[in-house]
Amino acid sequence: MIEQYIQKKQNQINDQFEKEFSNLDLPSHLHEALVYSIQAGGKRLRPILMMASFEAFSKDLNKVIHPALALEMIHTYSLIHDDLPAMDDDDFRRGQETIHKKFDEATAILVGDGLLTYSFQFVVNSNALEAEEKIYTIQQLSQSSGFKGMISGQFLDLQAENKEMNEQELHHIHLLKTGELIRASIKIGAYLGGAAPPQIEALDEFGKYLGLVFQIQDDILDVSGEMELIGKPVGSDEENNKSTYPELLGLDQAISIKEEYMEYAKEKYDEANIDEPILLGLLNIFGNRNA
Ligand code: GRG
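Residue 103 in full-length UniProt numbering is what sits at position 103 of the sequence shown, and the numbering runs on without skipping anything.
Pasting the structure below:
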C-alpha cells in the first residue's frame, strides 16, 4: 500500500516535470543538460514527503505540486554541484554519468544555478498559491537550502574531510546538510495543507528526525555495502575520508541511534494528532530501506 503510494507520487512528479520542462525555450545544449539532470530519476523522497504531509490535511494537490517540484529542483542542483571536481568529484549519479562528465563543467554549474533560481520562480508563478503561501514556501526553501542549512552543512562536511569528528559535530553536519531540506518539505506541506500551528510544530520536529534517520540509514547502507564487498570489519576502510555514524561508533551503535530517532519521530507524529498514516509509513520505509 505504501509502496503503491510512493510509485503513484513518483509518477505524478515525473509527469509534471516532463510537462513543465519539455517545451522550455532555452539554448538547446542547456535544455538537453537540464532535462538529462531532472529525468535521471532519483527516489523523489523530498517532494513525496511534502505531498504526504500536505495530504494529511487537504486533498487539493494543485496547491502543493509546484512547491514539491521546486524542492526537488533544489535537491537536484545540490547533487549536481556536489559531484563537481571541486567538491566530491564523482563520475556517476543515479546510475548515469554526472552532468559535468556527460556535458562539461560550465554546463553543470549553470544547470545547477538555473535549477536553484528557477525553483523560486516556479513557486512565485504558481496560480494555486496565495501571496502569503508563496512567501512562506520561499522562506522555508531558501532558509533550508542556504547559509542556515545545506550550504553550511556542505561546507563543514568538506572542511571535516580526513579529520576526526565527534558525535556532536557529525549530528550538526547531518542536520544542516541533509536534515534541513527534508524538514522543510514536511513543514511546507503541513502549512499549505492548513495544519494548525501546534501540528506544524510537532511535524517540524518529526521532519527533523526523519532527516537524521534518512542520513544515518544512508551511511549504514554505504558501510554495509562496502564491507560486504571487501569483507573487512566496519571502520577499517582507510580510503573512506568522510566521518559517518557507523565509522565513528560502529554499525550496531549507529543502528541503535537510528532506532532511537525513529521512536522519537513517532512520538512527535502522534503529538501532531492526524489520522493519515502515510507519513509514518514513509518514516518506516526510509529508515529501513535497503537501497
Ligand atoms: C553542493 C550546496 C551543495 C550541497 C550538497 C545533498 C548534498 C549537499 C550532498 C550530496 C551528498 C550526500 C550523500 C548527501 C547526503 C544526502 C543524501 C543521502 C543525498 C542523496 O539523496 P537521495 O538519496 O538521492 O534522496 P536521489 O538520487 O534518490 O534523489
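Each residue gets a CB set at the ideal place from its N, CA and C atoms; glycine is no exception. Because the structure is a prediction, the values reported are computed rather than measured.
Beta-bridge partners of residue i, as assigned by DSSP
i	result
Glu97	Phe92
Test item: CB-CB of residue i and residue j under 9 angstroms
i	j	result
Leu69	Phe122	yes
Leu71	Leu141	yes
Tyr136	Ile188	yes
Gly41	Gly95	yes
Ser145	Ala184	yes
residue 298	Gln10	Any answer about residue 298 is impossible in this case: the structure gives the chain only from 1 up to 291.
residue 327	Lys148	Examination of residue 327 is not possible in this model, given that the chain is present from 1 through 291 alone.
Met165	Leu248	yes
Phe206	Ala272	yes
Ile48	Gly281	no
Gly112	Ile138	no
Contact belief for residue i with residue j at Cβ below 8 angstroms, rounded distance in angstroms
i	j	result
Leu129	Lys63	6 angstroms
Gly287	Val213	5 angstroms
Leu30	Leu110	7 angstroms
Ser37	Ile99	5 angstroms
Lys101	Asp91	5 angstroms
Ser53	Ala196	About 14 angstroms separates the two Cβ atoms, so there is no contact after all.
Minimum C-alpha distance to residue i - residue among the options
i	options	result
Gln154	Ala86, Lys101, Gln199, Gln217	Ala86
Ile274	Gly194, Ser256, Leu210	Gly194
Ile216	Tyr191, Met1, Ile255	Ile255
Leu116	Lys102, Pro67, Phe103, Glu132	Pro67
Asp60	Pro198, Leu279, Leu192	Leu192
Lys19	Ser28, Val35, Ile151	Val35
Ala202	Gly179, Lys163, Lys258, Tyr264	Tyr264
Leu221	Glu276, Ala272, Tyr245	Tyr245
Ile257	Leu282, Leu210, Ile278, Glu276	Leu210
Leu251	Asp219, Ile6, Glu276	Asp219
Met73	Pro27, Tyr261, Asn14, Met1	Asn14
Met51	Lys266, Gln7, Ser78, Leu26	Gln7
Asp143	Leu279, Asp82, Gly179	Asp is not the amino acid found at residue 143; the sequence shown has Gln there. Among Leu279, Asp82, Gly179, the Cα nearest to that of Gln143 belongs to Gly179.
Gln4	Asn162, Ile278, Ile200	Ile278
Thr107	Ser78, Gln253, Glu32	Glu32
Leu158	Asp82, Asn290, Met262, Phe57	Asp82
Tyr118	Tyr77, Ser152, Arg93	Tyr77
Phe57	Glu276, Leu26, Glu97	Glu276
Gln39	Lys134, Arg93, Glu55, Leu26	Arg93
Glu55	Asp204, His75, Ile186, Pro198	Ile186
Same chain, Cβ closer than 7 angstroms to residue i, neighbours up to 5 away in sequence not counted
i	result
Gln16	Ile65, Leu69
Ser243	Ala160, Met165, Leu170
Arg289	Gln217
Val124	Lys134
Gln12	none
Contacting residues, own chain, Cβ-Cβ under 6 angstroms from residue i (five flanking each side not counted)
i	result
Leu156	Ile173
Gln253	none
Lys266	none
Leu283	Leu210, Ala265
Tyr261	Tyr209, Leu212, Val213
His75	Arg46
Gln199	Ala272
Ala291	none
Ile230	Unreliable placement is indicated for Ile230, whose pLDDT of 48 sits below 50; no coordinate value is reported for it.
Gly235	Any reading at Gly235 must be qualified, since the residue scores a pLDDT of 40, below 50, and its modelled position is unreliable; the value itself is stated next. Within the same chain, Gly235 has close Cβ partners Glu247.
Contacts around residue i, its chain only, beta-carbon distance under 8 angstroms, and the 5 residues preceding and following it disregarded
i	result
Asp104	none
Leu26	Leu34
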